[in-house]
Every structure is written in C-alpha cells, then in structure tokens.
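According to the numbering used here, the sequence shown holds residues 91 to 234 in order.
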Amino acid sequence: MNTSDYYALVQEDADLSKPVLVYGWDDQPHEKDGSSRPYHASAGYKAVKLDMADEAWTARLVAPQTPTQLYQGVLSPYERPVPTVKEQAKDALHHVHNSAVMIVAMGGSFGPQTRDYVAKLQAIVDGSDTVSTVLPPVPHDLKQ
C-alpha cells in the first residue's frame, strides 16, 4: 500500500486528451489512517494524480531528470511537437528582422526577392495564405 499520492504538474489549461509536458512533480503523504486529502496545485497549474507505487516514485526522483510528457496516465520522454508552418514563418520573420537591422546599419536595403519572401511569410502568419504547407525558399542574399 502506498504511503503517498503522487502527482504530475501540468499547465492549468492543458488538454489531457493529448500528450502534455510535465512541469513538476509532487507527492502528498497519506493521513495516519491511510486516507488522502485533496491536492491543490499552485496557480497556473493542475495536478494529475499518477497511478504509481512508492518504489516507482522513488526511482523517478533519483533518476536523471529529463523532459517528460503525460498522456492517458502514462509518463514517457517528452516529444516536442513539430512546429506549424505559421510558427515556422514567425521564426523566419524574426530572423529576417534581425538581419534587417544589420543590413540597414550598413547602408543597405532589401532587394525584391527578399521583399517577396517577407510578403509570403507575412501572408502565412496573418492567415491570408492558408494553402502553404512549407516555407518559401530563403533568398541567398537578403539584399537581392
């Protein structure tokens, strides 16, 4: 018989019908009579009770800590979701913006290929392009 209840802490708005990243762990010892109290997670998180034996909990705590996900009550190594094309486009725009600062500081400007590239990225980000599944090719020289 377990001496505690064990919990995985996930974001409060986590959709438990999908794999979710575990942000922390906690345990709550049972009362002297063996009963357990309701667990209250910190603001922004919810606690998911784990079906875990005391020995498994101890083994988890002493093992190297690696990112873990919870799905259907099972803990497994965390697998980062593949970024959507919109997320990839946001990252690409951020990179272009950072490059633009340097290009302008050096007295340069974007060429037509880069302006077209940025327009395509912006269309993906703002949702006006709903058919692209991959990013447009990056110009070899942003001044072109």
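Beta carbons: idealized from backbone N, C-alpha and C, even for Gly.
Which residues does DSSP list as the beta-bridge partners of Gly114? Mapped onto the sequence shown, residue 114 falls at position 24. In the DSSP output, where bridge partners are listed per residue, Gly114 has Leu99.
Please report how far the alpha carbon of Leu160 lies from the alpha carbon of Ala98, in whole angstroms. Counting from one through the sequence shown, the residue named residue 160 turns up at place 70. Counting from one through the sequence shown, the residue named residue 98 turns up at place 8. Going by the C-alpha atoms only, they are around 8 Å apart.
Applying the 10 Å Cβ sphere with the 16-neighbour rule, what's the burial state of Thr204? Sequence index remark: in the sequence shown, residue 204 carries index 114 (1-based). Burial call: buried.
Starting from Tyr135, trace the beta strand (DSSP E) in both directions and tell me its first and last residue. Within the sequence shown, residue 135 is the residue found at index 45, counting from 1. Segment Tyr135 to Leu140, the beta strand (DSSP E) holding Tyr135.
Whole angstroms are fine: how far does the CA of Asp95 sit from the CA of Pro226? Within the sequence shown, residue 226 is the residue found at index 136, counting from 1. Within the sequence shown, residue 95 is the residue found at index 5, counting from 1. Using only the alpha carbons, I get a separation of about 51 Å.
Backbone CA spacing between Leu88 and Tyr207 [nearest angstrom]: Because residue 88 is not part of the residues shown, which for the chain are 91 to 234, the question remains open.
So for Gln212, helix, strand or coil by DSSP? Locating residue 212 in the sequence shown gives position 122, where the first residue counts as 1. The answer is helix: DSSP assigns Gln212 an H, G or I state.
Is Gln155 helix, strand or coil when you go by DSSP? The residue given as residue 155 occupies position 65 in the sequence shown. Note: Gln155 maps to coil in three-state DSSP.
What's the gap between the Cα of Lys136 and the Cα of Trp115? Counting from one through the sequence shown, the residue named residue 136 turns up at place 46. Counting from one through the sequence shown, the residue named residue 115 turns up at place 25. Going by the C-alpha atoms only, they are around 11 Å apart.
CA nearest to the CA of Pro109, picked from Arg150, His185 and Arg170: Here residue 109 refers to the residue found at position 19 of the sequence shown. Comparing Cα-Cα distances from Pro109 to each of Arg150, His185 and Arg170, the minimum goes to Arg170.
Please state whether the Cβ-Cβ distance between Asp141 and Gly124 is less than 8 Å. The sequence position of residue 141 within the sequence shown is 51, counting from 1. The sequence position of residue 124 within the sequence shown is 34, counting from 1. Cβ atoms of Asp141 and Gly124: not closer than 8 Å.
Spatial neighbours of Val228 within its chain, please: C-beta separation below 8 Å, excluding the five flanking residues on both sides. Here the question's residue 228 lines up with position 138 in the sequence shown. Hits under 8 Å: Ala182 and Tyr207.
Taking C-alpha atoms, which residue in Val224, Ala104, Met91 and Asp117 lies nearest to Pro173? On the sequence shown, position 83 is the one that residue 173 refers to. Looking at the Cα atoms, Val224 is the closest of the given residues.
Would you report the Cα separation of Ser222 and Leu151, rounded to the nearest angstrom? If you number the sequence shown from 1, residue 222 lands on position 132. If you number the sequence shown from 1, residue 151 lands on position 61. Each residue's alpha carbon lies about 44 Å from the other.
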